[in-house]
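Spelled out as structure tokens, the structure:
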């Protein structure tokens, strides 16, 4: 599956990882499932990290990006203060991520797009510590 979503740090965070070819249907379906999940679980998230460095081909339309942003708007009503980072090392994916970041501004989530995961993790850790006082995030690393 091109999109893998898993909880991190005992449900404090979530990792979204893209691999291979990313298509409209797969991308929209995976994020819809994540963003419309059980509200009590979704309320616990303090951060999300979407890493698209493993994506080799993008077949995602602007309409799908707008659809996902609308899902984020609804999800923000459940959890309005998520810290979110996208990691995209390819120009096309970076551009799509920046566009969705701009559209997500209406959501109220703090979000940023990075070229590498290390910088994204540093930023998330700083923001989560600042917002929530949490400083022991592993983000899936052991």
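In this note's numbering, the protein residues as written are 36 to 177.
Even glycine gets a Cβ: it sits at the ideal position worked out from N, Cα and C.
Predicted model only: the values in this text are computed from it and were never measured.
Express the C-alpha separation of residue j and residue i in angstroms, rounding to a whole number.
{"i": "residue 124", "j": "residue 66", "result": "20 Å"}
{"i": "residue 141", "j": "residue 112", "result": "12 Å"}
{"i": "residue 54", "j": "residue 95", "result": "14 Å"}
{"i": "residue 52", "j": "residue 159", "result": "16 Å"}
{"i": "residue 45", "j": "residue 126", "result": "33 Å"}
{"i": "residue 175", "j": "residue 116", "result": "21 Å"}
{"i": "residue 79", "j": "residue 139", "result": "20 Å"}
{"i": "residue 148", "j": "residue 114", "result": "20 Å"}
{"i": "residue 71", "j": "residue 109", "result": "8 Å"}
{"i": "residue 90", "j": "residue 105", "result": "23 Å"}
{"i": "residue 150", "j": "residue 75", "result": "32 Å"}
{"i": "residue 130", "j": "residue 137", "result": "11 Å"}
{"i": "residue 43", "j": "residue 172", "result": "9 Å"}
{"i": "residue 168", "j": "residue 152", "result": "22 Å"}
In terms of residues, what are the limits of the beta strand (DSSP E) holding residue i?
{"i": "residue 85", "result": "82-94"}
{"i": "residue 132", "result": "From DSSP, residue 132 is part of no beta strand (DSSP E) but of the alpha helix (DSSP H) over 126-139."}
{"i": "residue 39", "result": "38-43"}
{"i": "residue 122", "result": "118-122"}
Classify residue i: buried if its beta carbon has 16 or more other beta carbons within 10 angstroms, exposed otherwise.
{"i": "residue 57", "result": "buried"}
{"i": "residue 128", "result": "buried"}
{"i": "residue 156", "result": "buried"}
{"i": "residue 48", "result": "buried"}
{"i": "residue 170", "result": "exposed"}
{"i": "residue 135", "result": "buried"}
State the CB to CB distance for the pair residue i and residue j, rounded to an integer number of angstroms; the pair is presumed to be in contact (CB under 8 Å).
{"i": "residue 84", "j": "residue 132", "result": "12 Å between Cβ atoms; not a contact."}
{"i": "residue 61", "j": "residue 38", "result": "6 Å"}
{"i": "residue 99", "j": "residue 154", "result": "The Cβ separation is near 26 Å, so there is no contact."}
{"i": "residue 63", "j": "residue 87", "result": "Actually they are not in contact, since the Cβ atoms of residue 63 and residue 87 sit about 15 Å apart, beyond 8 Å."}
{"i": "residue 82", "j": "residue 118", "result": "4 Å"}
In the DSSP assignment, find the alpha helix (DSSP H) that holds residue i and state where it starts and stops.
{"i": "residue 169", "result": "Careful: residue 169 lies outside any alpha helix (DSSP H) and carries neither H nor E."}
{"i": "residue 99", "result": "97-113"}
{"i": "residue 63", "result": "59-70"}
{"i": "residue 75", "result": "74-78"}
Do the stretch 137-151 and the stretch 59-78 make contact, defined as three or more Cβ pairs closer than 8 Å?
-> no
Would you check if the stretch 92-111 and the stretch 160-177 touch, i.e. whether three or more CB-CB distances between them fall below 8 Å?
-> The stretch 160-177 vs the stretch 92-111: no contact.
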